[in-house]
Every structure is written in structure tokens, then in C-alpha cells.
Amino acid sequence: MTYKYRCNTCQAGGSAPTKASVNELRADHRRTAHGGLIPDGEELTGPPPLFPREVLRPYLNLARLGLIALGLICFLILTIAQACDPAAP
Ligand SMILES: [Zn+2]
-15 MTYKYRCNTC QAGGSAPTKA SVNELRADHR RTAHGGLIPD GEELTGPPPL
35 FPREVLRPYL NLARLGLIAL GLICFLILTI AQACDPAAP
């Protein structure tokens, strides 16, 4: 994950691995290039947001196997309950 800083006033920019470090980069640029003032048009971008589908994708096969196992357990419970029912013919 990379965070990027871009100052459109003087076309300077940089990137950092964490949000705290890119904030430090921005503060350092403001201090050295703009006398501590906030320049117009500066951008601070981070990595794109994660969607639940992307986060859960590695676990989809595990979820499918879990549902199949749950179905088999329910089938066995119903089969045993029917076999043990004294009223059944
Ligand atoms: Zn600047």
C-alpha cells in the first residue's frame, strides 16, 4: 500500500508506505517550500478502498466447503432421526 502526496503549486510529490509518513512528508514540504503555509491544490491519496468481496475472495472456497459440510450434517441428522422414530413404518 502506497500513499502519495502531490503539490500542484510547485509540481512536487512523493510517496510513502504509511499514512503517517506521507503526512510527515507533506508537513516537511509545506515547511520547506511554502514557509509552513498550505499550498493550493495539494493532493493526498491513499490506496484504493477494499471491498468486502475482494477481502473475502480467498475464503470463498472454504465457505462453500462449510455449506456442503453443513448440508451433509443436516442430512445425516434427519436420516438418523427418521430411522430412530418409533412411529415410522
Ligand atoms: Zn509545493
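Going by this note's numbering, the residue at position 70 of the sequence shown is 54; the numbering climbs one at a time, nothing skipped. Note that the Cβ used here is the ideal one computed from N, Cα and C, for glycine as well. On a predicted model such as this, the values are computed, not experimentally measured, just so you know.
Determine, for residue i, whether the minimum Cβ-Cβ distance to residues of chain D falls below 8 Å.
{"i": "E26", "result": "Checking the listed chains, one finds no chain D in this structure; it contains a single protein chain."}
Candidates the options: which alpha carbon is nearest residue i's?
{"i": "S13", "options": "R(-10), P31 and I61", "result": "Here residue 13 is His; the residue named in the question, Ser, does not match the sequence. The residue with the shortest Cα to Cα distance from H13 is R(-10)."}
{"i": "Q(-5)", "options": "A4, D24 and G30", "result": "D24"}
{"i": "E26", "options": "P36, V6 and L62", "result": "V6"}
Using the three-state DSSP reduction, which class does residue i fall into: helix, strand or coil?
{"i": "G20", "result": "coil"}
{"i": "A71", "result": "coil"}
{"i": "C58", "result": "helix"}
{"i": "G50", "result": "helix"}
{"i": "T(-14)", "result": "coil"}
{"i": "L28", "result": "strand"}
{"i": "T63", "result": "helix"}
Would residue i and residue j qualify as a contact pair, given that the criterion is a beta-carbon distance under 8 Å?
{"i": "A0", "j": "L9", "result": "yes"}
{"i": "P33", "j": "M(-15)", "result": "no"}
With burial defined as no fewer than 16 other Cβ atoms inside 10 Å of the residue's Cβ, what is the status of residue i: buried or exposed?
{"i": "Y43", "result": "exposed"}
{"i": "V39", "result": "exposed"}
Name, in chain order, the residues that DSSP records as bridge partners for residue i.
{"i": "A(-4)", "result": "C(-9)"}
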